[in-house]
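Student: Here it is: the structure, laid out below.
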Amino acid sequence: MMKKKSVVRLVIWLLLIGIVTAFSAIYYVFNMPRRNLSKEVAVYSLAAKQLINDYQIDETFANKKYLDKAITVRGIIRSVRTLENHTMIFSIEDAMEGVSCTLDSADVVKYQTKLDLIKIGTEGTFKGRCAGKLMDIQIINCIPQ
Amino acid sequence: MIKSILLICFVALGLTSVAQSLYITKDAKINFNSSTTVEDIVAESNQATTIIDIDKNVIKFSVLTTSFKFRRALMEEHFNENYIESPKFPKASFTGKIGSPIDWKNEKTVSVDVTGSLTMHGVNKEITFKANITPGKSKISASSEIVVTPESFNIQIPSAVRDKIAKEVTIKIEAVYAPYQQ
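Note that the protein sequences, when read in sequence, are chains A and B.
Numbering of the first sequence is given in our numbering, commencing with residue 1 and proceeding in unit increments.
Numbering of the second sequence is given in our numbering, commencing with residue 1001 and proceeding in unit increments.
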């Protein structure tokens, strides 16, 4: 009699643990955090000119190599602009057809002191996620290095 | 000597007139809404590039699909990996013509039809939509709404989640163009 009772109790406990685990797993996936580039190691670290060159030679191949990867690019800052939603865009090497590094508004606030030091005409380095090429190559979720 | 100076002047004039017919922005706002009563699905990108050629009445528009931001990271993952397949098709683009002539010197908003081809998810489709265009001295503003169905661009939505995603997706575009200076 005692044995049966403890088996039932064990089953109930296991069920409860199972349900809690399943729900927390679902909750986690549903609310999973965004990629945090500051915690990622760059797969490629290169000069913006090299990236521009790679995209000029073969866009499909360059996309295979760089798309969605964490990369660090460096080069001369040609223009800086802030959008309505407070995201900041730094254009490197060429204002029109260079590399555009976009910082999300939260990161603009977080790295304000570092960003203040970046001046047009000087070299800047950003780590971000390569989104591909339109006129310029777009690197998003950037963090100043 | 005079000949060569004249030639230089003509070339310079030619170049400026070419440049002045083009208006561009790389920060056009594009969002889409595929909300249903079950789920709010709204995504936005501020990084669409678009060009208007006022001599040829041509509009070009393109956006990188990974630049869309959703409310949840999971939605972004599903959008990029399962639906729009960004690794395979990183760009969505449109090239079209403005249907009726516009007086680009008159700073009054006009509603025009734009017809052209929209390429998304590797599928090319001819579409026509209405756009509001406001010419200006140093800028041109434009806005538009386009309604598309995911299925017509070969985007397969599993039946298990079909009720969560709207059958028709409304894409809204807002752009403020400035003269293209090279």
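Note that the Cβ used here is the ideal one computed from N, Cα and C, for glycine as well.
The model shown is predicted, which means the values in this text are computed figures rather than measured ones.
Count the other C-beta atoms from every protein chain shown that fall within 10 angstroms of the C-beta of Asp1113/B, then say buried if there are 16 or more, exposed otherwise.
Tutor: Looking at its Cβ environment, which holds fewer than 16 other Cβ atoms inside 10 Å, Asp1113/B is exposed.
Student: Look at the Cβ atom of Ala1131/B, then the Cβ atom of Thr1050/B, and state whether they are nearer than 7 Å.
Tutor: In this structure, Thr1050/B does not lie closer than 7 Å to Ala1131/B by Cβ.
Student: For Lys1091/B, which residues in chain A fall below 9 Å Cβ to Cβ?
Tutor: Ordered by position in chain A, the residues that pass the 9 Å Cβ test against Lys1091/B are Gly132, Lys133, Leu134.
Student: Compute the Euclidean distance between the alpha carbons of Pro1135/B and Ser100/A, then round it to the nearest angstrom.
Tutor: Those two C-alpha atoms are separated by around 28 Å.
Student: If you draw a straight line from the C-alpha of Pro154/A to the C-alpha of Ile19/A, how long is it?
Tutor: Shown here, chain A extends from 1 to 145; a query on residue 154/A therefore has no answer.
Student: So, at 8 Å on beta carbons, what are the nonlocal neighbours of Asp146/A in its own chain, with the 5 sequence-adjacent residues on each side left out?
Tutor: Past the edges of chain A, shown from 1 to 145, lies residue 146/A, and the structure says nothing about it.
Student: Our contact map puts Ala42/A next to Ile77/A with C-beta atoms below 8 Å; I'd like the distance itself, whole angstroms only.
Tutor: The pair is not a contact, with the Cβ atoms about 19 Å apart (cut-off 8 Å).
Student: CA-CA distance, Ser1086/B and Ile1054/B?
Tutor: Rounded to whole angstroms, Ser1086/B to Ile1054/B spans 32 Å at the Cα level.
Student: Is Leu1064/B helix, strand or coil by DSSP?
Tutor: Leu1064/B falls in the strand class under three-state DSSP.
Student: Which stretch, first to last residue, makes up the alpha helix (DSSP H) that contains Glu1145/B?
Tutor: That residue, Glu1145/B, is in no alpha helix (DSSP H); its beta strand (DSSP E) goes 1140-1148.
Student: Would Leu10/A count as contacting chain B if we go by Cβ distances under 7 Å?
Tutor: No, because no Cβ of chain B sits closer than 7 Å to the Cβ of Leu10/A.
Student: Sorted by chain position, which residues of the same chain lie with C-beta nearer than 7 Å to Gln1156/B's C-beta, five sequence neighbours on each side aside?
Tutor: Here the set comprises nothing.
Student: Would Ile140/A pass as an interface residue toward chain B - the criterion being a Cβ-Cβ separation below 7 Å?
Tutor: So, interface residue.
Student: Just grab the DSSP bridge partners of Ala1175/B for me.
Tutor: Bridge partners of Ala1175/B: Ala1142/B.
Student: Please return the same chain residues whose Cβ sits closer than 6 Å to the Cβ of Glu1076/B, not counting the five positions on each side in sequence.
Tutor: The answer, listed in chain order, is Phe1070.
Student: Quick one: any contact between the segment 1095-1111 of chain B and the segment 1038-1046 of chain B, if contact means 3 or more CB pairs under 8 Å?
Tutor: Taking 8 Å as the limit for Cβ pairs, the verdict is that the segment 1038-1046 of chain B does not touch the segment 1095-1111 of chain B.
Student: Can you tell me where the alpha helix (DSSP H) with Met135/A in it begins and where it stops?
Tutor: Met135/A -> no alpha helix (DSSP H), and no H or E assigned at all.
Student: Name, in chain order, the residues that DSSP records as bridge partners for Arg9/A.
Tutor: Paired residue(s): none; Arg9/A is not in a bridge.
Student: Please name the residue in Lys69/A, Phe126/A, Gln56/A, Ile12/A whose C-alpha comes closest to that of Asp107/A.
Tutor: The residue with the shortest Cα to Cα distance from Asp107/A is Phe126/A.
Student: Output the distance between the C-alpha atoms of Asn1082/B and Tyr28/A, rounded to the nearest integer angstrom.
Tutor: Rounded to whole angstroms, Asn1082/B to Tyr28/A spans 19 Å at the Cα level.
Student: Taking DSSP as the reference, what is the three-state secondary structure of Ala1073/B?
Tutor: Helix, per DSSP.
Student: Please confirm whether Asn63/A has its beta-carbon closer than 7 Å to some beta-carbon of chain C.
Tutor: The structure shown contains no chain C; the protein chains it does contain are A and B.
Student: When the distance is taken between beta carbons, is Tyr1177/B closer than 7 Å to Ile1052/B?
Tutor: In contact: Ile1052/B and Tyr1177/B (Cβ atoms closer than 7 Å).
Student: Spell out the partners DSSP gives Cys130/A in its beta bridges.
Tutor: BP columns for Cys130/A point to Ile139/A.
Student: Alpha carbon to alpha carbon, how far is Ile1024/B from Lys1108/B?
Tutor: In a straight line, the C-alpha of Ile1024/B is about 19 Å away from that of Lys1108/B.
Student: Any beta-carbon of chain A closer than 7 Å to the one on Asn1082/B?
Tutor: Closer than 7 Å: no.
Student: Hey, is Ser1062/B's beta-carbon within less than 7 Å of any beta-carbon in chain A?
Tutor: Chain A contact via Cβ: present.
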